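Straight run, no breaks: the sequence shown in our numbering ends on number 189.
We put the CB at the ideal spot given by N, CA and C, even for glycine.
Since we're looking at a predicted model, the values are computed, not measured.
Please read the structure below before turning to the comments.
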Amino acid sequence: MRARYAFFPWAMAVLMVWIAAAAKADVALDRVDACLAERMAAGQPAMPCVDEAHAACMNVDNETPAVATLCFVEAGKAWNNGIAGTMARIATKAPDEITAIARIEVKYDLLSALLQCSRLEELALSVGRDSEEKILRQNARCKENATGLTYARLFLRSQDLR
Numbered sequence: 028m029r030a031r032y033a034f035f036p037w038a039m040a041v042l043m044v045w046i047a048a049a050a051k052a053d054v055a056l057d058r059v060d061a062c063l064a065e066r067m068a069a070g071q072p073a074m075p076c077v078d079e080a081h082a083a084c085m086n087v088d089n090e091t092p093a094v095a096t097l098c099f100v101e102a103g104k105a106w107n108n109g110i111a112g113t114m115a116r117i118a119t120k121a122p123d124e125i126t127a128i129a130r131i132e133v134k135y136d137l138l139s140a141l142l143q144c145s146r147l148e149e150l151a152l153s154v155g156r157d158s159e160e161k162i163l164r165q166n167a168r169c170k171e172n173a174t175g176l177t178y179a180r181l182f183l184r185s186q187d188l189r
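Quick look at the structure:
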């Protein structure tokens, strides 16, 4: 009997690698920046650029909401790194007053969007129509959309400093 179950740890390891690969967010800031620049030149909204960056997370099967949640969390790390990098560039190129204004704008752009995510999560939990895992996925998506849009706004506002 022992030989029959010997493959189980190996199969679990393969499954975990596959799940980790499926959870890989594809937020390439250089592609996002190019998309944002194109959309700005055409006078179009930035959200499609954020949606494109989140495509891998959105394509995760609805039956595995934890994998999608992990994917969105990974995307958030990329957005936060992008915000930090852009703020560092602003701090080196702009006067202190402009840097302070940029920090305040980023802070409140993000806080106001995250407040809406919190509201949606609380409503979903109160109504109780979805599982907790699905609500976590929706909340992670909302938060990373908020962070992505905050990055997009910062990118667009800082174009004069490039």
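Assumed close pair Leu188, Ala118 - CB separation to whole angstroms, cut-off 8 angstroms: With 8 angstroms as the limit, Leu188 and Ala118 do not qualify as a contact, their Cβ atoms being about 10 angstroms apart.
For Ala82 and Asp53, what's the separation of their Cα atoms in angstroms? 8 angstroms
Give the C-beta separation of Val223 and Ile110 to the nearest angstrom, bearing in mind that I take them to be a contact with Cβ-Cβ under 8 angstroms. Residue 223 is absent from the model: the chain starts at 28 and stops at 189.
For Leu141 versus Lys104, is the C-beta spacing smaller than 8 angstroms? no
Straight-line Cα distance separating Ile128 from Gly175: 19 angstroms
If you draw a straight line from the alpha carbon of Asp57 to that of Thr91, how long is it in whole angstroms? 29 angstroms
Using CA coordinates, which residue listed in Ala115, Glu79, Thr96 is at the minimum distance from Ser185? Ala115
Use the C-beta contact count for Val154: other C-beta atoms within 10 angstroms, 16 or more gives buried, fewer gives exposed. exposed
Asn62 versus Leu138: straight-line alpha-carbon distance, rounded: Inspection of the sequence shows that residue 62 is occupied by Cys rather than by Asn. Distance between the alpha carbons of Cys62 and Leu138: 25 angstroms.
Given a cut-off of 8 angstroms, decide if Ala179 and Cys76 are closer than it, judged by their beta-carbon atoms. yes
By the three-class DSSP mapping on this structure, what secondary structure does Gly175 have? helix
Within 8 angstroms, strictly: CB atoms of Glu160 and Ala93: yes
Report yes if the C-beta distance between Ala95 and Arg146 is below 8 angstroms; otherwise report no. no
On the three-state DSSP scale, how would you describe Ala48? For Ala48, the predicted model reports a pLDDT of 47, less than 50, meaning its position is unreliable; a value from the coordinates is still stated below. In the structure shown, Ala48 sits in a helix (DSSP, three-state: H, G or I).
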